Amino acid sequence: EAGVAQSPRYKIIEKRQSVAFWCNPISGHATLYWYQQILGQGPKLLIQFQNNGVVDDSQLPKDRFSAERLKGVDSTLKIQPAKLEDSAVYLCASGGAYTEAFFGQGTRLTVV
Amino acid sequence: QKEVEQDPGPLSVPEGAIVSLNCTYSNSAFQYFMWYRQYSRKGPELLMYTYSSGNKEDGRFTAQVDKSSKYISLFIRDSQPSDSATYLCASSGGYQKVTFGTGTKLQVIP
């Protein structure tokens, strides 16, 4: 079974630039999560989708972050404009039954 | 107070030792409890998944949940150098966000 695919793996941008990350979940998984993991910390949920709809985006900085999940499958997370403190690993996860979440490799973002 | 608290370590043990990793949580609504293992520069990997209180065993790993004290544990028997990683505990109340602890970094020394 194919896992959660994310791209790119690494990205370096200057502050105030924009960046987008892509996630393809495990086939058939209705729930998709985007997490932010700052070095030395546990993952922090940014947004959770159930099919096309947003279940929880309470910790998403909506002035600069946006996410969409078209047709209930792939998802993109965008940051515009980026700040230095956005440097982190952005993890996508998907879930099929209850709350088990399976993670992708993540995208390591460095903002300089 | 964070909803899930975890000692960040690092924890260093000799090969073959029994490892005990612990978390506490504050949200009484949490019913699902998970342990993830995260190797450096990799995404977290689901290790154990339990519902409500009790024990669950899988090979060298045992997960334990005590809802009365809001305490979550992971035991690793006969620890191996390949077990060296960061271990994340996580909890959820159902079809809701999964809340993670900060992770405990474990090093098993040959």
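First to last, the protein sequences are chains W and D. At position 10 of the first sequence (counting the first as 1) the number is 10 in the numbering used here, and the numbers step up by one without a gap. At position 18 of the second sequence (counting the first as 1) the number is 130 in the numbering used here, and the numbers step up by one without a gap. Just so you know, even glycine gets a beta-carbon here, dropped at the ideal spot from N, CA and C. Since we're looking at a predicted model, the values are computed, not measured.
Quick check on DSSP: helix, strand or coil for residue i?
{"i": "D/Ser194", "result": "helix"}
{"i": "W/Leu70", "result": "helix"}
{"i": "W/Glu85", "result": "helix"}
{"i": "W/Gly109", "result": "It should be noted that the sequence gives Leu, not Gly, for residue 109 of chain W. In the structure shown, W/Leu109 sits in a strand (DSSP, three-state: E or B)."}
{"i": "D/Arg189", "result": "coil"}
{"i": "W/Ser75", "result": "strand"}
{"i": "W/Ala93", "result": "strand"}
{"i": "W/Phe38", "result": "A small fix is needed here, since residue 38 of chain W is Ile in this sequence, not Phe. The answer is coil: DSSP assigns W/Ile38 none of H, G, I, E or B."}
{"i": "W/Ile26", "result": "coil"}
{"i": "W/Glu14", "result": "coil"}
{"i": "W/Leu46", "result": "strand"}
{"i": "D/Ser152", "result": "coil"}
{"i": "D/Thr216", "result": "strand"}
{"i": "D/Gln74", "result": "Because chain D is modelled from 113 through 222, residue 74 of chain D falls outside the range shown and cannot be assessed."}
{"i": "D/Lys209", "result": "coil"}
{"i": "W/Ala101", "result": "coil"}
{"i": "W/Val4", "result": "coil"}
{"i": "D/Asn167", "result": "strand"}
{"i": "D/Asp178", "result": "strand"}
{"i": "D/Gln118", "result": "strand"}
{"i": "W/Ser58", "result": "coil"}
Can you pull the chain W neighbours of residue i, defined as C-beta to C-beta under 7 Å?
{"i": "D/Gly213", "result": "Gly42"}
{"i": "D/Gly155", "result": "Leu91, Phe103, Gly104, Gln105, Gly106"}
{"i": "D/Tyr223", "result": "Summary: the structure shown does not reach residue 223 of chain D, with chain D confined to residues 113 through 222, and so no result is reported for it."}
Can you find a CB in chain A that lies within less than 7 Å of the CB of residue i?
{"i": "D/Lys209", "result": "This model lacks chain A altogether; the protein chains it does include are W and D."}
What's the gap between the Cα of residue i and the Cα of residue j?
{"i": "W/Val55", "j": "W/Ile26", "result": "19 Å"}
{"i": "D/Thr198", "j": "D/Arg153", "result": "11 Å"}
{"i": "W/Leu109", "j": "W/Pro8", "result": "9 Å"}
{"i": "W/Ile79", "j": "W/Ile13", "result": "11 Å"}
{"i": "W/Thr119", "j": "W/Gln6", "result": "The requested residue 119 of chain W does not occur in the structure, where chain W is confined to residues 1 to 112."}
{"i": "W/Ser66", "j": "D/Ser181", "result": "38 Å"}
{"i": "D/Leu218", "j": "D/Pro193", "result": "10 Å"}
{"i": "D/Gly215", "j": "D/Glu115", "result": "13 Å"}
{"i": "D/Gly196", "j": "W/Leu39", "result": "The sequence given here places Ser at residue 196 of chain D; Gly does not occur at that position. So the alpha carbons of these two residues sit roughly 17 Å apart."}
{"i": "W/Glu68", "j": "W/Gly28", "result": "18 Å"}
{"i": "D/Gly121", "j": "D/Ile130", "result": "16 Å"}
{"i": "D/Glu157", "j": "W/Arg16", "result": "33 Å"}
{"i": "W/Leu60", "j": "W/Tyr35", "result": "10 Å"}
{"i": "D/Ser204", "j": "D/Asp178", "result": "15 Å"}
{"i": "D/Tyr161", "j": "D/Tyr183", "result": "15 Å"}
{"i": "D/Tyr151", "j": "D/Leu200", "result": "11 Å"}
{"i": "D/Ser132", "j": "W/Lys71", "result": "43 Å"}
{"i": "D/Gln143", "j": "W/Gly104", "result": "25 Å"}
{"i": "W/Asn52", "j": "D/Val220", "result": "43 Å"}
{"i": "W/Glu100", "j": "W/Val112", "result": "35 Å"}
{"i": "W/Ala30", "j": "W/Phe21", "result": "19 Å"}
Name the chain W residues that come within less than 9 Å of residue i, Cβ to Cβ?
{"i": "D/Leu158", "result": "Glu100, Ala101, Phe102, Phe103"}
Name the chain W residues that come within less than 8 Å of residue i, Cβ to Cβ?
{"i": "D/Tyr161", "result": "Glu100"}
{"i": "D/Leu76", "result": "Because residue 76 of chain D is not part of the residues shown, which for chain D are 113 to 222, the question remains open."}
For residue i, go through chain D and note every residue whose CB falls closer than 7 Å to its CB, in chain order.
{"i": "W/Gln48", "result": "Lys209"}
Is residue i near the ligand MG, going by C-beta to nearest heavy atom under 6 Å?
{"i": "D/Thr214", "result": "The ligand MG is not among the ligands present in this structure, which contains no ligands whatsoever."}
Minimum length 3: unbroken beta strand (DSSP E) runs contained in the segment 122-146 of chain D: Whole beta strand (DSSP E) segments, 3+ residues: 123-126, 131-137.
The segment 123-131 of chain D in contact with the segment 169-185 of chain D per 3-pair CB rule at 8 Å: no
At least three beta-carbon pairs within less than 8 Å, the segment 80-88 of chain W to the segment 181-193 of chain D: no
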